[in-house]
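Down below is the structure, laid out as structure tokens.
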Amino acid sequence: MPVNSEIKSFSWGHDRRFNAYSNYFRRIYGARVQKVSIDAGFGCPNRDGSKGFGGCTYCNNDAFNPSYCQPARSVSEQIGEGIKFHKWRYDEAVSYLAYFQAYSNTYAPLETLKKLYEEALRYPGVVGLIIGTRPDCIDDEKLEYLKELTSRCYVAIEYGIESCYNKTLVRINRGHSFEDAVSALEKTEALGITAGAHFIFGLPGETREEMLNQVDIISGLSIRTVKFHQLQIIKGTGMEIEFKNNPVDFELFTWEEYLDFFVAFLERLNPAIVVERFTGEAPPRFLTGEGWGKKRTDQIVNLIEKRLEELNTWQGKLYEDKRQK
Ligand code: SF4
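Sequential numbering from 13 applies to the sequence shown in our numbering.
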């Protein structure tokens with residue numbers, strides 16, 4: 013923790029004013045590590061009826077899947093394409109993390125999961141797995157297997173949690189409770205597997221104050237990494253209809269409002285949590301309305317960092333560890 017602005021390093025070991033994901037991997041591997049997304053053709057229990065039908069009301073996976081992810085291609089082919097894509101943009105990356113991203117990537121029998129994960133790990137340069145899934149889509153057997161894998165590579169499970177409020181989870185048809193999420197995170201952490209979480213700000217029925225107050229709950233969760241997105245209303249989703257019928261129930265952020273909100277949120281966030289994302293950016297063709305126009309994610313990150321600098325503040329400046337009290 014810095015005592016004044018002259019001190020060059022924060023508790024996370026560098027001088028950026030938040031505990032940044034890219035620096036976290038530099039610390040582990042000593043170099044840039046690039047995530048390569050994979051759509052391995054998994055389904056989702058919230059779509060096929062085993063948990064619910066229709067899926068979460070905001071969900072359209074196509075809006076977030078990179079173009080090189082095609083489930084018709086093998087895991088190895090997708091990794092190869094992804095590496096080519098990223099080499100063009102970032103020459104520096106020498107190691108890769110296979111990111112099982114689309115839908116629920118633990119929603120299959122263990123033997124199927126093993127086959128897909130092991131195929132990814134055999135690809136030259138792949139040093140670990142990141143597995144995106146739902147909190148109710150993991151069990152002790154799968155966790156035990158992933159624990160074994162941690163002895164030979166980096167393994168992280170990223171859970172979609174989206175909100176700490178059950179009233180919101182019901183409203184967006186998540187099909188699981190916040191308590192389910194806490195339980196999955198605790199089991200994951202207890203086995204020494206890296207746990208991450210994903211949240212959305214701006215979900216219907218939540219006030220700005222409620223969104224902000226989640227920071228104290230999130231700060232106490234058993235997570236190592238976290239991603240945040242502002243809500244974007246995606247075409248063709250249930251939420252698009254809900255938004256058209258009842259726009260007053262949505263507190264969507266302008267990018268200027270989001271800067272203020274996010275800086276206030278970061279100041280209260282546990283500094284031990286690594287922040288991977290501040291915002292999301294669906295391609296404009298998927299968006300209802302204007303979104304944030306031409307403001308790109310990297311610009312918002314720069315603006316947030318600039319604001320932190322101007323205010324001489326940082327992640328966790330106002331954090332209180334309520335678990336100690
Ligand atoms: S957001 Fe995830 S859990 Fe929800 S419907 Fe989409 S794939 Fe399923």
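Yeah, the Cβ is synthetic: ideal placement off N, Cα and C, and Gly gets one too.
Beta-carbon proximity check, residue i vs residue j, cutoff 8 Å
i	j	result
D60	P83	no
F298	I246	yes
G137	S107	yes
L141	F112	yes
E198	R186	no
F255	T291	no
G55	Y129	no
I150	G208	no
I91	A132	yes
V139	L109	yes
N178	I143	no
L224	A276	yes
A159	I205	The sequence given here places Lys at residue 159; Ala does not occur at that position. Cβ atoms of K159 and I205: closer than 8 Å.
I316	F274	yes
G66	G250	yes
R289	F240	yes
R146	Y171	yes
T237	Y70	no
Residue i - containing beta strand (DSSP E), residue span
i	result
L141	V138 to T145
S49	V45 to I50
F112	S107 to F112
E269	Taken as a continuous stretch (DSSP letters only), E269 belongs to no beta strand (DSSP E), being part of the alpha helix (DSSP H) at W267 to R280.
Buried versus exposed, by CB contacts within 10 Å (16 or more), residue i
i	result
A202	exposed
E18	With a pLDDT of only 46 at E18, under the threshold of 50, the placement of this residue in the model should not be trusted, and no figure is reported.
A114	buried
I40	exposed
S233	Sequence check: residue 233 is Leu here, not Ser. When all chains shown are included, L233 counts as buried.
D148	buried
F257	Here residue 257 is Asn; the residue named in the question, Phe, does not match the sequence. Burial call: exposed.
L281	buried
A193	buried
T266	exposed
L278	buried
V260	exposed
G305	exposed
S231	buried
V182	exposed
N314	exposed
R134	exposed
Residues that DSSP places opposite residue i in a beta bridge
i	result
T206	A168
L299	I246
D60	F65
F240	F211
E322	Bridge partners of E322: none, in fact.
E174	F211
V286	T237
Cβ-based neighbour list, residue i, same chain, cut-off 6 Å, excluding 5 preceding and 5 following
i	result
Y9	Nothing can be reported for residue 9, as the shown portion of the chain is limited to 13 through 337.
C176	F190, Q226 and I229
T325	E279
Sequence-distant residues of its chain with Cβ nearer than 8 Å to residue i (five each side left out)
i	result
L264	G214, Q242, L243 and I245
Y157	L122, L125 and K126
N35	W24, G25, H26 and R28
L330	E279 and R280
D152	K199
Cβ neighbours of residue i in the same chain (closer than 7 Å, five flanking residues each side left out)
i	result
T180	L215, G217 and E218
N31	W24, P283, I285, V286, V287 and Q327
E321	R29
L293	Per the sequence shown, residue 293 should be read as Glu rather than Leu. Once the five neighbours on either side are set aside, the close Cβ partners of E293 are R308 and T309.
G248	N72
Y80	Q90, E93, G94 and F97
G64	N58, N185 and G187
C68	N58, I184, N185 and R186
S21	D27
G53	P83
Residue i: first and last residue of the uninterrupted alpha helix (DSSP H) it sits in
i	result
E156	D152 to L161
V227	R220 to S231
E293	Per DSSP, E293 belongs to no alpha helix (DSSP H) and is neither H nor E.
E5	The structure shown does not extend to residue 5, since the chain is modelled only from 13 through 337, so no value can be given for it.
Y331	Taken as a continuous stretch (DSSP letters only), Y331 belongs to no alpha helix (DSSP H), as it is neither H nor E.
F37	Y33 to Y41
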